[in-house]
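One rule links them: number in the numbering used here = place in the sequence shown (from 1) + 9.
Even for Gly, the Cβ is constructed at its ideal location relative to N, Cα and C.
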Amino acid sequence: MFAVRDGIDEAAGLSWQSTLFGSGPRSIDERTAIVRHQLDSTSWVDFASGFASEPDEVLGHLLTSLVWEQHEMKMFDHIVWQPRLSAAAEVGDEPAPLRRDLDLVEQRYGLVLDRYWVNLYRNGTDSVAWHGDKIGAVAHEPLVVILSYGATRTFRLRPNRGGPSVAFEVRHGDLLVMGGRCQHDWQHCVPKTSRAVGPRVSFTARHWPR
Numbered sequence: 010m011f012a013v014r015d016g017i018d019e020a021a022g023l024s025w026q027s028t029l030f031g032s033g034p035r036s037i038d039e040r041t042a043i044v045r046h047q048l049d050s051t052s053w054v055d056f057a058s059g060f061a062s063e064p065d066e067v068l069g070h071l072l073t074s075l076v077w078e079q080h081e082m083k084m085f086d087h088i089v090w091q092p093r094l095s096a097a098a099e100v101g102d103e104p105a106p107l108r109r110d111l112d113l114v115e116q117r118y119g120l121v122l123d124r125y126w127v128n129l130y131r132n133g134t135d136s137v138a139w140h141g142d143k144i145g146a147v148a149h150e151p152l153v154v155i156l157s158y159g160a161t162r163t164f165r166l167r168p169n170r171g172g173p174s175v176a177f178e179v180r181h182g183d184l185l186v187m188g189g190r191c192q193h194d195w196q197h198c199v200p201k202t203s204r205a206v207g208p209r210v211s212f213t214a215r216h217w218p219r
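Listed below in structure tokens is the structure:
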């Protein structure tokens, strides 16, 4: 059985940095420029720079209110700690600005986002490897919504059958949505970086098929 260790104090110690990003409230008009990037004929990514209404407030809330943990994982024949912290978040417990942002996303895509998962990349050595999200046995074209808070990190996607990768520089308050057959035919990752970067929180919301 894989182990889990507490990362709450470590995450709380990062909260003071949230004010460094300097993004105040934004109007709805400034958050409607969602650009679609067609990865292939059936997979796409929507991206909106600066979508989040009050990213500083949400970043501080997530860092200090969630139960952050570090999980073990198997790598080849070794058990290692995942290079990031993770936390579950409950629908209905969101801070008000995040709830308003999610409402706009739900209205645009015509569905209810009912499963949350949050990752904390503490610095440039934290990462997540290539993978595709598994969302229910019957989800033909699942929607994965990511709101990013904190430091800028590269988000990469690559086709399962091989070929060049696609990169997005995801910044404080940006929205990234993967749709179509993206989770079936493409993988995504957040690679390590040698740049000196602060913490980044990735808030992921999904619609889970019943």
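Segment contact, 8 Å Cβ cut-off, at least three pairs: the segment 117 to 132 with the segment 198 to 213: yes
Which of helix, strand or coil DSSP assigns to residue 188: The count along the sequence shown starts at 1 and reaches residue 188 at position 179. In the structure shown, residue 188 sits in a strand (DSSP, three-state: E or B).
Helix, strand or coil at residue 216 [DSSP, three-state]: Here residue 216 refers to the residue found at position 207 when the sequence shown is read from its first residue. Residue 216: coil per DSSP, three-state reduction.
Cα-Cα separation between residue 11 and residue 42, rounded to whole angstroms: Within the sequence shown, residue 11 is the residue found at index 2, counting from 1. Within the sequence shown, residue 42 is the residue found at index 33, counting from 1. Here residue 11 scores only 44 on pLDDT, less than 50, and its place in the model is too uncertain to base an answer on.
Stretch-stretch touch, CB-based, cutoff 8 Å, three pairs: the segment 82 to 102 with the segment 187 to 197: no
Residues bridged to residue 81 (per DSSP): Position 72 of the sequence shown, counting from 1, holds the residue named residue 81. According to DSSP, which records beta bridges pairwise, residue 81 is partnered with 90.
Rounded C-alpha distance that separates residue 72 from residue 151: Here residue 72 refers to the residue found at position 63 when the sequence shown is read from its first residue. Here residue 151 refers to the residue found at position 142 when the sequence shown is read from its first residue. Near 27 Å, if we compare the C-alpha coordinates of residue 151 and residue 72.
Cβ pair count under 8 Å reaching 3, the segment 85 to 94 against the segment 175 to 187: no
Meets three-Cβ-pair contact criterion under 8 Å: the segment 117 to 126 and the segment 156 to 171: no
Where the beta strand (DSSP E) containing residue 180 begins and where it ends: Along the sequence shown, one-based indexing puts residue 180 at 171. It is not in any beta strand (DSSP E) - residue 180 carries neither H nor E in the DSSP assignment.
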